[in-house]
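So the sequence lines, in the order shown, correspond to chains A and B. Going by my numbering, the first sequence opens with residue 76, and the numbers climb by one from there. Going by my numbering, the second sequence opens with residue 124, and the numbers climb by one from there.
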Amino acid sequence: MRRTVQLLRLAHARSGDKGDTANVGLIALRPEYYPILVKEVTAARVKRHFRKVIRGNVERFELPNLHALNFLLHGALGGGGTISLKTDAQGKVFSTALLRMEIAVPGSLRVR
Amino acid sequence: MRRDSRVVRIAAGQGFWGDWLEAPVRQVEGGPIDYLVMDYLAEVTMSILQKQRARNPALGYATDFVNAMERLLPQLVERRIKVIANAGGVNPHGCAAAVLAVAQRLGLGGRVRVGVVTGDDLLPRLDELIGAGHALANLDTGQPIADVRPRVQSANAYLGARPIVEALRHGADVVVTGRVTDTGLTLAPMIHEFGWPETAWDRLAAGTVAGHIIECGAQCSGGNCLVNWRRIPLEDPGYPIIEARDDGTFAVTKHPGTGGLVSVATVTEQLLYEMGDPRAYITPDCVADFTTINLKQAGRNRVEVSGVRGRPATDSLKVSAAYAYGFKAVGTLVYAWPDALAKARRADQVLRARLGALGLDFEEILTEFVGANATHGPLAPPPGPDLAEVQLRVGVRARERAPVERFTREIAPLILNGPPSVTGFAGGRPKVEEIVAYWPALIPKSEVKPSTEIVEA
């Protein structure tokens with residue numbers, strides 16, 4: 076049996092900017108959640124999640140040592156830096172925007 | 124090889140220009156430290172400082188730093204705590220002179236040696252560099268800088284830790300620099316104290332990781348941390364302290380009795396902040412591999428960091444240039460229940476129609492509804508009809524000033540001739556802001572000559 080859980084219950088995150096690219100670091104709240112993040116939170120999945128928000132591609136990097144994934148969301152910040160008109164011109168809250176995502180987990184997984 | 128068994132305590136006192144003024148004071152007064160490092164330069168800060176210097180040749184540096192020195196110098200001198208800050212901006216010598224004047228005034232004349240690091244400023248040499256075939260191509264777009272040359276307001280190479288080490292070697296008590304990497308400020312005292320050679324890549328990478336962890340001040344020690352945020356006391360956040368060792372391992376901690384939190388979670392969040400490819404964190408000093416970092420909670424408010432691997436530095440330095448891009452303005456109004464969001468949407472329609480009728484030419488018009496979609500856009504579920512209020516926030520951008528100026532006159536009329544239940548306009552007309560945009564590029568290291576000088580009162 077599998078069920079769906081919001082990422083907010085499995086991970087925490089921090090985001091920032093580099094030009095028009097936002098980065099989101101996604102960190103497993105428990106080490107046992109990390110393989111689930113690796114499997115479910117793919118670059119393609121994240122691109123789909125943000126499809127109405129970003130114009131460019133999504134890259135993903137793995138940091139198993141920190142039980143973390145790093146995503147680069149290109150074309151995310153309306154031109155970035157001082158050019159952007161967005162409230163979140165520096166991508167500070169792309170972190171929690173990613174945590175809205177729902178992913179499938181094993182039915183037996185213990186989630187707080 | 125024999126290792127030096129000392130621990131060097133490096134405290135972060137400022138994460139950006141605008142950070143908490145009390146932080147450096149608390150770092151100095153809260154317990155033992157050997158170095159106080161302060162980061163003042165964000166990406167477009169240099170262009171702001173360049174403008175200030177154009178108006179007054181004595182300015183062009185972070186004045187907050189001089190105020191901090193005014194409060195702290197007597198204690199720093201007495202306890203032999205050294206200070207490293209990239210507060211020099213585009214005028215490190217002016218900054219040094221201001222620090223020395225403060226020292227004189229405090230009766231510390233002759234007891235403060237200020238190291239001045241320069242050589243980062245490429246603006247005076249820009250045409251020469253372009254002429255010599257350096258395109259300084261924009262790292263995001265590939266465009267050569269020659270395309271925007273007349274509008275370039277500042278151009279600085281990011282220097283590394285070495286020129287700071289040079290200043291420390293010559294006995295500097297306070298080191299002020301121009302554009303130096305945030306990480307270099309923290310790495311420099313480690314190189315100096317432990318005598319790390321230029322090829323000790325793993326240890327240089329470890330010092331760089333330490334620098335990355337504390338470069339944003341309290342953002343690694345409980346600030347802006349999502350995990351259990353309700354339980355982190357933030358009234359008096361402890362700013363981070365690195366306890367560095369010769370073997371490249373180090374601890375992240377903070378003074379006892381302070382608020383905030385140093386945990387694997389708080390440090391991990393900061394490690395990932397503004398991260399690109401974690402296997403290649405490139406600085407002038409080395410290339411650090413963030414996938415090798417090992418974190419361990421070693422006690423309350425203490426995280427041990429080990430295992431960091433590094434590779435040789437590249438042959439180039441990053442350049443941060445800034446150029447005049449155009450103009451922007453943001454106008455806001457607040458709409459109240461009932462149907463707050465519908466009213467704000469209607470106001471936006473009306474505003475856009477009027478801007479269109481005026482024939483104004485904007486590069487972009489962006490509308491956000493704060494309270495409904497400003498932070499997460501369409502990812503946020505639509506609010507219910509009982510939403511208490513919503514802020515209409517409209518931003519415009521143009522290459523010319525005139526259309527933006529005209530836009531700033533179109534917000535206030537909506538108060539009387541737009542949709543009802545509107546308020547929140549006490550701030551008056553929006554202000555036109557000049558956009559100074561960021562231009563990242565690379566330059567061969569051989570073209571940049573860092574220079575270090577010691578000045579005394």
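Glycine included, every Cβ here is placed at the ideal spot set by N, Cα and C.
Using 7 angstroms as the limit for Cβ to Cβ distance, is residue i near chain A?
| i | result |
| --- | --- |
| proline 401 of chain B | yes |
| proline 273 of chain B | no |
| aspartate 263 of chain B | yes |
| leucine 249 of chain B | no |
| glutamate 397 of chain B | yes |
| glutamate 392 of chain B | yes |
| proline 501 of chain B | yes |
| leucine 510 of chain B | no |
| threonine 414 of chain B | yes |
| tyrosine 362 of chain B | no |
Let me check understanding here. Comparing Cα to Cα, which of the options lies closest to residue i?
| i | options | result |
| --- | --- | --- |
| glutamine 198 of chain B | B:Pro273, B:Pro573, B:Val151 and B:Thr186 | B:Val151 |
| valine 571 of chain B | B:Ile207, B:Ala224 and B:Thr241 | B:Thr241 |
| aspartate 157 of chain B | B:Gly141, B:Ala135, B:Trp140 and B:Ile171 | B:Ala135 |
| valine 133 of chain A | A:Leu141, A:Asp95, A:Ala179 and A:Arg187 | A:Asp95 |
| alanine 119 of chain A | A:Leu104, A:Arg185 and A:Phe146 | A:Phe146 |
| valine 442 of chain B | B:Ala260, B:Ala341 and B:Ala224 | B:Ala260 |
| glycine 91 of chain A | B:Pro505, B:Gly138, B:Asn214 and B:Gly399 | B:Gly399 |
| valine 473 of chain B | B:Arg149, B:Lys205, B:Glu533 and B:Ser574 | B:Glu533 |
| glycine 209 of chain A | B:Ala290, B:Arg326, B:Val288 and B:Val559 | Since the displayed chain A opens at 76 and closes at 187, residue 209 of chain A lies outside it and no answer follows. |
| arginine 204 of chain B | B:Val298, B:Arg353 and B:Val410 | The residue you asked about is not arginine; residue 204 of chain B is isoleucine in the sequence shown. Comparing Cα positions, the closest option is B:Val298. |
| proline 401 of chain B | B:Glu486, B:Ala411 and B:Leu249 | B:Ala411 |
| proline 379 of chain B | B:Gly482, B:Tyr446, B:Arg236 and B:Ile364 | B:Ile364 |
| tyrosine 362 of chain B | B:Val160, B:Arg178, B:Phe413 and B:Phe530 | B:Val160 |
| valine 493 of chain B | B:Glu486, B:Phe485 and B:Ala503 | B:Ala503 |
| leucine 483 of chain B | B:Pro526, B:Pro506 and B:Ala465 | B:Pro526 |
| leucine 252 of chain B | B:Ala564, B:Ala580, B:Leu223 and B:Ile577 | B:Ala564 |
Work out the CA separation of residue j and residue i for me, nearest whole Å.
| i | j | result |
| --- | --- | --- |
| histidine 257 of chain B | proline 273 of chain B | 16 angstroms |
| serine 277 of chain B | glutamine 266 of chain B | 17 angstroms |
| alanine 210 of chain B | tryptophan 319 of chain B | 25 angstroms |
| isoleucine 129 of chain A | alanine 151 of chain A | 4 angstroms |
| glutamate 145 of chain B | arginine 202 of chain B | 19 angstroms |
| leucine 101 of chain A | valine 375 of chain B | 21 angstroms |
| threonine 309 of chain B | isoleucine 355 of chain B | 26 angstroms |
| proline 587 of chain B | valine 189 of chain B | Residue 587 of chain B lies beyond the stretch modelled for chain B, which goes from 124 to 580, so this question has no answer here. |
| glutamate 512 of chain B | leucine 489 of chain B | 20 angstroms |
| alanine 164 of chain A | aspartate 263 of chain B | 17 angstroms |
| arginine 522 of chain B | glycine 156 of chain A | 16 angstroms |
| isoleucine 566 of chain B | asparagine 279 of chain B | 10 angstroms |
| tyrosine 448 of chain B | proline 553 of chain B | 19 angstroms |
Would residue i pass as an interface residue toward chain B - the criterion being a Cβ-Cβ separation below 7 angstroms?
| i | result |
| --- | --- |
| lysine 127 of chain A | yes |
| glycine 150 of chain A | no |
| phenylalanine 146 of chain A | no |
| asparagine 98 of chain A | yes |
| valine 186 of chain A | no |
| asparagine 132 of chain A | no |
| alanine 164 of chain A | no |
| alanine 86 of chain A | no |
| valine 168 of chain A | yes |
| isoleucine 178 of chain A | no |
If you run the structure through DSSP and keep just helix, strand and coil, what is residue i?
| i | result |
| --- | --- |
| valine 272 of chain B | Note that residue 272 of chain B is arginine in the sequence shown here, rather than valine. Helix at arginine 272 of chain B. |
| arginine 132 of chain B | strand |
| asparagine 570 of chain B | Note on residue identity: the sequence assigns glutamate, not asparagine, to residue 570 of chain B. Three-state result, glutamate 570 of chain B: helix. |
| aspartate 509 of chain B | coil |
| asparagine 261 of chain B | coil |
| leucine 199 of chain B | helix |
| tryptophan 562 of chain B | strand |
| serine 159 of chain A | coil |
| serine 170 of chain B | helix |
| isoleucine 314 of chain B | helix |
| proline 110 of chain A | helix |
| asparagine 190 of chain B | helix |
| histidine 87 of chain A | strand |
| serine 170 of chain A | helix |
| glutamine 266 of chain B | coil |
| isoleucine 129 of chain A | coil |
| alanine 367 of chain B | strand |
* Using 8 angstroms as the Cβ pair cut-off and three pairs as the minimum, do the stretch 238-254 of chain B and the stretch 414-429 of chain B touch? -> No, because fewer than three Cβ pairs between the stretch 238-254 of chain B and the stretch 414-429 of chain B fall closer than 8 angstroms, the two stretches do not touch.
* **Three or more C-beta pairs below 8 angstroms linking the stretch 380-395 of chain B and the stretch 346-353 of chain B** => Short answer: they touch.
* Asked: Between the stretch 411-419 of chain B and the stretch 181-200 of chain B, do three or more beta carbon pairs fall short of 8 angstroms?
  -> Counting Cβ pairs under 8 angstroms, fewer than three are found: no touch.
* Examine the Cβ distances between the stretch 507-517 of chain B and the stretch 447-460 of chain B and report whether three or more of them are shorter than 8 angstroms. => Contact between the stretch 507-517 of chain B and the stretch 447-460 of chain B is present: 3 or more CB-CB pairs across the two stretches fall below 8 angstroms.
* Asked: Contact between the stretch 289-307 of chain B and the stretch 403-413 of chain B: three or more CB pairs below 8 angstroms?
  -> At 8 angstroms Cβ cutoff, the stretches touch.
* Do the stretch 426-446 of chain B and the stretch 322-336 of chain B meet, that is, are 3 or more Cβ pairs less than 8 angstroms apart? -> Verdict: yes, contact present.
* To do: Check whether the stretch 76-91 of chain A touches the stretch 389-396 of chain B, taking contact to mean three or more Cβ pairs, one atom from each stretch, closer than 8 angstroms.
  => Using a Cβ-Cβ distance cut-off of 8 angstroms, the stretch 76-91 of chain A and the stretch 389-396 of chain B are in contact, since at least three pairs of beta carbons, one from each stretch, lie closer than that value.
* Asked: How about the stretch 108-123 of chain A and the stretch 125-134 of chain B: do they share at least three Cβ pairs that are nearer than 8 angstroms?
  -> Output reads no: the stretch 125-134 of chain B does not touch the stretch 108-123 of chain A.
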